[in-house]
Structure formats: structure tokens, C-alpha cells
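A.B. asks: Dropping a structure here in C-alpha cells format, bear with me for questions.
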Amino acid sequence: MILFFLTSGLFLGWSLGANDASNVFGSAVGSRMISFRKAAVVASLFVILGAVIQGAGTSGTLGKLGAVNALGGSFTVALAAAVTVYMMTKFSMPVSTTQAIVGAIIGWNLFTGNPTDTATLSTIVGTWISGPVLGAIFAILLYMLIVRIKRRLRIHMILFESYIKTGLLIAGAFASYSLGANNIANVMGVFVPAFRLDDLDLGIFTLSSAQQLFLLGGLAIAAGILTYSKKVMETVGSNIVNLTSEAALVVVLAQSLVLFIFSSSALSGFMVKLGLPPIPMVPVSSSQVIVGCVIGIGLYKGARNINFRLLGQIAIGWISTPLMAGLLSFFSLFFIKNIFNIDTGHKIISGAAEGTLNTGTEARPWNISEVMKYIILAAIITGIIAAVYYYLLERKRQRELRKSEEWFWKNIK
Amino acid sequence: MALFTRNTKNTIVKIDEFFDNIDLGILVFREGIRSYISGDTGSFQMHLHKVDQLESNADKLQREVENEMITHSILPQHREDVTRLIEEMDEIIDGIKSSMYEFDIEIPEIPSVLKENLISLTEVSANAAEELIPAARAYFRAPHTVREKLVKVYYFESETDKIAFRIKKRIFHEMDDIDLARKAHLRYIIHHIEKISDLAQTAADMLSAMAIKTAI
């Protein structure tokens with residue numbers, strides 16, 4: 079039953095992987111600069127790494143907004159967010175998982191009578207605007223730099239394109255890492271306060287309770303990337319493909335920088351050391367940041383045909399997505415609690431928050447931890463087998479390609 | 536990644552080799568026609584043989600470049616344009632070859648009063664094609680300089696038209712000593728020489744559009 083509660087978060091992770099991986103590798107795959115298989119493997123691996131290594135920062139912020147303290151509540155909140163994302167995507171409206179989860183958490187706060195931390199909320203809402211703006215600024219600066227380097231060095235177009243290709247792969251890996259680090263909170267953040275697991279010692283490193291959840295969430299995102307993102311990448315990619323290859327690289331780099339900045343605790347600490355205000359650790363929407371980056375490049379190039387309709391839709395999304403997710407979360411919690419009689423959480427009494435957590439795992443902590451251990455080990459082994467299989471498949475493809483080329487030229491002569 | 540860079544460098548070398556072939560073909564065309572007009576048949580045959588080799592080599596390089604660009608996913612965004620540019624430039628050397636073969640097969644008799652005119656027509660027509668090569672090379676390294684290089688192609692093409700027009704007018708208006716069939720034959724030969732600059736202009740138009748697209 080406990081694992082069942084996680085399914086809504088895993089579903090949200092799957093849909094995030096299917097949708098948001100296109101922001102990272104869409105332009106590269108859409109323009110056939112990088113094969114989907116290579117992109118999917120790199121993105122999956124780095125999303126998981128980002129989630130496990132650096133996912134804690136943004137999850138903490140969501141926890142401050144509303145520490146969902148029962149698994150039934152976490153399940154419903156994640157489900158409400160997932161359904162909102164699904165519905166908005168179905169009606170072709172630009173949607174952000176971040177905004178959906180924020181709305182759903184506020185719905186839970188209202189339902190359980192917990193106050194919503196307005197300071198945290200305003201920080202989060204602030205980043206919805208500052209994220210795309212920062213993306214635009216980074217994109218302009220990086221684009222200026224790349225164009226100048228290209229002009230000054232007079233690199234052959236084909237060689238330059240091959241550097242861009244390599245750059246896209248590296249930037250894509252960085253962007254995937256940042257996406258995992260920044261957006262894992264949307265997927266698993268609501269489960270962190272309600273889920274307590276024993277630390278998992280894997281010999282080389284130990285995974286904390288939250289990290290185990292992030293690993294599971296990361297695997298769900300990876301599953302979304304591997305199973306469903308191809309179509310999205312090719313569709314979204316063909317929309318971005320009108321950008322030049324250097325612009326595509328700039329967009330990916332700028333996006334990854336923004337996501338990284340909003341999820342790096344180390345960078346935030348460094349800012350504090352310099353006497354500057356700390357950077358808020360907030361999950362931001364990669365789709366909206368990418369729109370900011372594209373607009374930034376458009377502005378630099380002096381484009382007059384900026385799609386204000388798209389900007390308007392994004393602004394509407396800032397209100398409609400959290401509102402829809404909030405309402406859905408509120409009413410779903412009502413049904414789950416009153417019809418299925420499942421604990422969806424309760425009001426947190428100040429100073430006794432830890433003690434009031436109802437995880438449902440305290441009675442048999444070893445049990446669920448053991449299960450998690452086997453799930454994670456199985457996932458790691460499957461990942462290694464898949465990586466070896468992919469490597470062998472790539473080698474076979476290369477060998478066949480070389481053979482067919484040799485055959486062609488032998489016969490044409 | 537090393538394999539990937541090797542493929543890229545191979546393709547660059549092949550594209551450069553292709554342009555070298557076209558460049559040499561234009562030189563040989565100029566010298567070949569001059570040899571024919573001055574009556575040096577041996578030299579003309581040697582140039583004809585050379586053009587034949589260059590054209591076949593250019594065809595092979597064109598196929599190899601197209602093949603490599605597809606199989607190794609080189610320049611996916613500009614692949615179609617580059618392929619078309621190479622095709623258009625291959626048309627030039629094809630045109631050169633067919634022109635020289637026309638001379639070899641039909642053995643046109645050039646009136647001595649027109650010899651200088653035809654040599655200068657060949658010069659200017661070849662110049663138009665020759666000026667296209669640096670512009671095409673620049674497309675790959677400095678696309679923003681392509682258009683300024685193409686100005687010379689358009690200039691020489693228009694000069695070719697003017698010279699061809701003058702020669703044709705002279706043939707049909709002033710040279711009453713030759714019969715109409717020979718006049719028509721000469722017009723046909725002039726058209727063949729003039730065609731090289733027209734092909735260069737077609738490629739230049741395309742290159743110009745490609746340069747704008749890359750610069751945006």
C-alpha cells in the first residue's frame with residue numbers, strides 16, 4: 079500500500095521526463111544532430127545523478143510551503159498535479175509541473191487548515207518571472223560570445239557544427255543534471271516529509287531517505303525520457319529547429335545555468351559569503367525558461383515578430399495551472415479522506431511537527447526499507463545492463479554502417 | 536568522438552578538393568578554347584582530356600560528400616543547401632565539358648575577325664565562374680563576406696552577355712560573306728561559351744540566398 083502511494087509521484091515523474099527532456103535535447107534531436115538514443119541515455123543518466131546529488135535544496139523550499147505529513151495526502155497532491163499537467167497538455171496549453179505542484183500543495187494547506195508560508199510562496203512566484211528573464215539574459219550574453227568567437231576564428235562551418243554537436247551533448251548532460259536537481263522536488267518533494275526510510279548503504283556511498291526517494295523519482299523521469307519523449311522531442315524540436323545550431327546550444331546552456339542556479343545550495347552559500355542575498359532554491363519551469371532564452375536571442379537579433387500570444391499564454395498559466403491543481407487537490411483530498419477513509423494529513427502544531435508525522439512506516443520501518451533497497455538495487459543493475467546493451471548496439475550499428483559504405487564504394491567503382 | 540572529428544575533417548577536405556576541381560576545370564576551359572581558336576589541336580585535345588578527368592573526379596567527390604553528410608549526420612541544418620550548391624557547381628564543370636566536346640565534335644570554323652572577340656568572351660565567361668569559387672569557399676568560413684564576393688560574378692556575367700550580344704549582332708548584321716547555316720552554328724557556339732557564366736550566376740543566386748539564411 080505504501081508503495082502504491084508513490085505511484086502518483088512516479089506518474090508525475092514519468093510525465094515530466096516525457097515532456098521536459100524535449101527542452102534539453104529537443105533542438106538537437108529534432109535537427110538530427112544527436113540521435114534520440116544517445117540523447118535519451120545521456121539525459122536519463124544525468125537526470126538521476128542531478129536528482130540524487132543535488133535534489134535536496136528545492137525539495138526543502140516546497141517543504142516550507144507545505145509539509146504534507148501523511149502518505150495519503152502526498153499521493154493525492156502529486157496525483158492532482160499530474161492530472162493538471164496531463165489535462166493542460168491535452169488541451170495544448172503551456173504547462174509547468176512546478177506551478178501544478180505548488181497549487182496542489184496550497185490546496186492541501188487549505189484542506190488541512192495549515193497556513194501557507196507567504197514568504198516562501200512569493201519567493202517561488204518570483205522565480206516564475208525571474209527564471210525566464212534570467213534565461214533571456216544568459217542567452218543574450220552566451221549568444222554574443224559564441225557569435226564573436228565564430229566570426230573571429232573563422233572556423234569551417236562543418237567543423238564548427240561538429241563542435242556544436244559535441245557542445246550540445248555536454249550542455250545537454252549539464253541541463254539534464256540541472257533538470258533532475260531542480261525538478262525532482264516537483265516529483266518527490268511532497269513525499270519527503272511523509273516518508274521515512276533507513277539509510278541505504280551501497281558500499282561506495284550511502285543514500286539517505288530523501289535520496290532514495292529522489293533516486294526512484296529520477297528513475298521515473300528516466301523512464302519517461304526513454305519511453306515517451308521521442309515523439310515530444312521530434313515535435314518540440316522541429317519548432318525550435320528554426321534556430322541556428324549555435325542558438326540551440328545557447329538555449330540549452332542558458333536553460334541549464336538557470337536551473338542550476340536555482341538548485342545549487344553551494345552557490346547560494348557562496349553568495350551569502352560574499353555578503354549578497356542567498357539564491358532561493360526553487361523548482362523552476364524548464365519550458366518557461368527555454369521560452370525566455372529563445373525570446374532573448376530573438377531580441378538580440380532584433381526580431382520584431384515576438385510571439386506575444388505565447389507570452390500571454392504563459393502568464394495565464396501562472397494563474398490557471400496552480401488554481402486548477404489547487405482546486406483539484408482540495409476536492410480530491412476531500413474524497414480520499416471521506417470516502418476511502420485514508421489519512422491525508424493534519425494541521426501541524428508548531429514545535430511538534432516532527433512528532434506528528436504519520437508516515438505509516440514507523441511500525442515496520444525495516445520492511446519498506448528492505449523493499450526499497452531491492453527496488454533500487456534492481457534498478458541499478460537494470461541500468462547497467464541497459465547501458466552495456468546500448469553500447470553493444472551502437473557498436474553494431476557503426477560496424478554495419480562502415481560495412482555498407484565500403485560495399486557501396488567498392489561496387490560503384 | 537575522434538571518429539566523428541575524422542569524418543568531419545574528411546568531408547571538409549573533400550569539399551575543398553571539389554572546389555579545386557571546378558577551379559582547375561575553369562582554367563582548363565579558358566586555355567582549351569584559346570588553343571582551339573588559335574588552331575592548336577594537340578593542346579586542345581590535351582585540355583579536353585584533362586577536363587574529362589576533372590569532371591569525373593568532381594562527380595565522384597560530389598557523391599562522396601553527399602553520402603558522408605547523410606551517413607555521419609554532418610551539417611544537418613544546412614545539408615540540403617550545401618548539397619544543392621555542390622550540384623549547381625558541378626553543373627559548371629559539366630557545362631565546361633559539354634562545351635569543349637561541342638568544339639571537338641562540330642569543329643566550328645571561326646572567322647579570323649571573330650577570334651579575338653571569342654577569346655575575350657571565353658575570358659569573361661570563365662572569370663564569372665572563377666569568381667564564384669572564393670565566394671563558395673567563404674560560405675563555409677565567413678558567410679557574411681559571401682555577398683560582397685558575389686558582386687564580381689554578377690559583373691562578369693553581365694559583361695559576358697554584352698560581349699555575346701555584340702558578337703552575335705556583328706555576325707548577323709555585318710558578316711555577309713558567310714552563309715546563314717554557319718552564322719547559326721557560330722551563334723550556337725557563342726551560346727555554349729556564354730552558358731558557363733549563366734551557370735555561375737544560377738549558383739551565385741543560390742549561394743547568396745544561403746548566405747543570408749546562415750547570417751540570420
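Note that the protein sequences, when read in sequence, are chains F and P.
The first sequence begins at 79 in our numbering and counts up by one.
The second sequence begins at 536 in our numbering and counts up by one.
The C-beta atom is built at its ideal place from N, Cα and C for all residues, glycine as well.
Predicted model, so just to flag it, every value in this text is computed and none were measured.
1. Looking only at DSSP bridge pairs, what is ASP279(F) linked to?
2. How many angstroms separate the CA atom of ARG274(F) from the CA atom of SER208(F)?
3. Relative to the C-alpha of LYS704(P), which residue among ASP551(P), ARG676(P), ALA719(P), ILE728(P) is closest?
4. Going along the chain, which residues of the region 666-695 of chain P sit with their C-beta nearer than 9 Å to a C-beta in chain F?
5. Checking contacts by CB at 8 Å: is THR439(F) closer than that to chain P?
6. Measure how close the beta-carbons of ALA160(F) and SER86(F) come, nearest whole angstrom, since I'm counting them as under 8 Å.
7. So which residues on chain F does THR543(P) lean against when the C-beta distance must stay under 7 Å?
8. Of the residues ILE605(P), SER693(P), PHE554(P), which one's Cα is nearest the Cα of LEU667(P)?
9. Flag this pair as touching only if the region 177-196 of chain F and the region 344-353 of chain F have three or more C-beta atom pairs under 8 Å; answer yes or no.
10. Once DSSP output is grouped into helix, strand and coil, what is the label at ALA272(F)?
11. Are there three or more Cβ pairs, one per stretch, closer than 8 Å when the region 172-182 of chain F is compared with the region 296-304 of chain F?
12. How do the region 112-128 of chain F and the region 245-259 of chain F stand: do at least 3 beta-carbon pairs fall below 8 Å, yes or no?
13. Short check: CB of THR546(P) to CB of MET624(P), under 8 Å?
14. Can you tell which of PRO678(P), ILE640(P), VAL688(P), PRO669(P) has the C-alpha that lies nearest to the C-alpha of ALA663(P)?
15. Can you have a look at GLY395(F) and say buried or exposed, based on whether 16 or more other CB atoms are within 10 angstroms of its CB?
16. Against chain F, which members of the region 582-612 of chain P pass a CB distance test of less than 9 Å?
17. Along chain P, which residues have their Cβ under 8 Å away from the Cβ of ARG110(F)?
18. Less than 8 Å between CB atoms is the rule here; does LEU223(F) satisfy it with respect to chain P?
19. Using a Cβ-Cβ cutoff of 9 Å, what residues of the region 474-485 of chain F are near chain P? List them in chain order.
20. Apply the 10 Å Cβ neighbour rule to LEU246(F) and answer buried if 16 or more other Cβ atoms are within range, or exposed otherwise.
21. For THR439(F) and VAL180(F), what's the separation of their Cα atoms in angstroms?
22. DSSP on ALA677(P), reduced to helix/strand/coil?
23. Assuming SER407(F) and ALA182(F) are in contact, meaning their beta carbons sit under 8 Å apart, how far apart are those beta carbons, in whole angstroms?
24. When you compare the CB of THR657(P) with every CB in chain F, is at least one pair closer than 8 Å?
25. When we look at the beta-carbon of PRO400(F) and count the other beta-carbons within 10 Å, is it buried (16 or more) or exposed?
26. Quick one, are the C-beta atoms of TYR636(P) and MET745(P) less than 8 Å apart?
27. Please classify HIS679(P): is it buried, with 16 or more other beta-carbons within 10 angstroms of its beta-carbon, or exposed?
28. Evaluate ILE419(F) with the Cβ neighbour count: other Cβ atoms within 10 Å of its Cβ, from every protein chain shown; 16 or more gives buried, anything less gives exposed.
29. Determine whether the Cβ of GLU472(F) lies closer than 8 Å to any Cβ atom of chain P.
30. What do you get for GLU641(P), buried or exposed, if any count of 16 or more other CB atoms within 10 angstroms of its CB means buried?
31. With a threshold of 8 Å between beta-carbons, can ARG232(F) be considered close to chain P, or not?
32. Going by DSSP, which residues form a beta bridge with ALA259(F)?
33. Would ALA298(F) pass as a contact of GLY128(F) if the rule is Cβ separation under 8 Å?
34. Considering only their Cβ atoms, is the gap separating LYS632(P) from ASP594(P) smaller than 8 Å?
35. Would the region 283-293 of chain F and the region 260-273 of chain F be scored as touching if the rule is three or more Cβ pairs under 8 Å?
36. Hey, how far is the Cα of ASP696(P) from the Cα of GLN736(P)?
C.D. replies: Quick look at the numbers:
1. THR284(F)
2. Cα to Cα, the separation comes out at about 34 Å.
3. Closest option to LYS704(P), judged by alpha-carbon separation, among ASP551(P), ARG676(P), ALA719(P), ILE728(P): ALA719(P).
4. With the criterion set as a beta carbon lying under 9 Å from some beta carbon of chain F, the members of the region 666-695 of chain P are TYR674, PHE675, ARG676, ALA677, PRO678, HIS679, in sequence order.
5. Low confidence applies to THR439(F): its pLDDT is 43, below 50, so where it sits in the model is not reliable, and the reading given next is rough at best. No, its Cβ sits nowhere closer than 8 Å to a Cβ of chain P.
6. 6 Å
7. ILE236, LEU237, SER240
8. PHE554(P)
9. no
10. coil
11. No, because fewer than three Cβ pairs between the region 172-182 of chain F and the region 296-304 of chain F fall closer than 8 Å, the two stretches do not touch.
12. yes
13. For THR546(P) and MET624(P), no; Cβs fall outside 8 Å.
14. VAL688(P)
15. buried
16. Going along the region 582-612 of chain P in chain order, one finds LYS595, ARG598, GLU599, ASN602, GLU603, MET604, THR606, HIS607, SER608, ILE609, LEU610, PRO611, GLN612 with a Cβ nearer than 9 Å to chain F.
17. SER608, PRO611
18. no
19. Residues GLN476, LEU479, SER482, GLU483.
20. buried
21. Residue confidence is low: THR439(F) scores 43 on pLDDT, short of 50, so the model does not pin down where it sits. Its coordinate-derived value is still stated next. So the two alpha carbons sit approximately 26 Å from each other.
22. coil
23. 4 Å
24. Not one beta carbon of chain F lies nearer than 8 Å to the beta carbon of THR657(P).
25. Around the beta carbon of PRO400(F), 16 or more other beta carbons lie within 10 angstroms, which makes this residue buried.
26. no
27. exposed
28. Reading off the sequence shown, one finds Asn at residue 419(F), where the question assumed Ile. Label assigned to ASN419(F): exposed.
29. no
30. By the C-beta density criterion, GLU641(P) is exposed, having fewer than 16 other C-beta atoms within 10 angstroms.
31. yes
32. Partner(s): none; ALA259(F) has no beta bridge.
33. no
34. no
35. Enough Cβ pairs lie closer than 8 Å, so yes.
36. Spanning the two alpha carbons is a distance of roughly 12 Å.
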